[in-house]
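Student:
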Ligand code: AP5
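In our numbering, the protein residues as written are 40 to 253.
1. For residue 172, collect the residues of the same chain with a Cβ closer than 8 Å to its Cβ; drop the 5 residues on either side in sequence, then sort them by chain order.
2. So which of 55, 175, 43, 234 has the shortest CA-CA distance to residue 154?
3. Where do the ends of the beta strand (DSSP E) carrying residue 152 lie?
4. Please indicate yes or no: does the CB of residue 96 lie closer than 8 Å to some heavy atom of ligand 1?
5. In this structure, how does DSSP classify residue 13 when only helix, strand and coil are distinguished?
6. Which whole-angstrom value describes the C-beta separation of residue 55 and residue 207, a residue pair presumed to lie in contact below a C-beta threshold of 8 Å?
7. Provide the residue(s) that pair with residue 185 in DSSP beta bridges, ordered along the chain.
8. Given a threshold of 16 other Cβ atoms within 10 Å of its Cβ, counted over all protein chains shown, does residue 125 qualify as buried or as exposed?
9. Distance, Cα to Cα, residue 141 vs residue 179?
10. Tell me the residue span of the beta strand (DSSP E) that contains residue 68.
11. Using CA atoms only, rank isn't needed, just tell me which of 162, 157, 74, 167 is closest to residue 93.
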């Protein structure tokens, strides 16, 4: 069984993925994390992706689709969570094809985290992330105990470049143009589930947990 977790930027995909991983044996792919790690480590992929990610634009499908194939091949016997992938119709089609070709777990549900735009803006502009372990904070909702220092690992807590206001605008536009059409795509396949993404992280997780395999 595999799950797609999708929604607009800031809807809580990363936060909910972490809770899903804490309570199941599933394996997680976040293309956003993958790009950020590559950028931090200055790998060839990072060099290729950086200008897109920093500006809030989608990395081209030709780059992203190949990366996901590698992940699926490596984890074909596991139950998978796809976070932030697919993000375009061609990516969704490629994912289906790759899962079939590789013999990986088919997609059981595509969970759409629904959050109004005003809340997205508040969440994104206040988000802070640990440079070392990726833990996610928010300046007012869930700040680290010590300013700028990660509670989990003591790493530096920083603001992502793409959480600057101009990049947030670009990301929301890219979402509307390229990712929102996935709702229809998954509806037509009978896989779409809308999850109310408002409320505490725990209450959102309660709405997701019936779809998890333990
Ligand atoms: P990615 O990292 O996937 O960014 P995103 O989709 O914009 O999602 P975010 O990470 O911003 O938000 P999230 O939904 O995970 O929310 P979070 O849990 O952090 O991608 C980054 C970039 O990489 C893209 O712009 C693109 O350039 C590239 N990329 C990635 N995948 C790609 C692909 N498939 N194709 C092409 N390009 C790709 O929560 C946000 C904040 O809200 C946090 O501060 C959190 O504490 C807070 N929060 C969470 N839940 C709640 C709650 N219930 N109540 C209050 N606050 C909450």
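Beta carbons are placed, not taken as given, at the ideal position from N, Cα and C, and that holds for glycine.
Tutor: If we stick to the structure as given:
1. 189, 191, 192, 194
2. 234
3. 146 to 153
4. yes
5. No answer is possible for residue 13: the residues shown for the chain start at 40 and end at 253.
6. 20 Å between Cβ atoms; not a contact.
7. 188
8. buried
9. 44 Å
10. 66 to 69
11. 74
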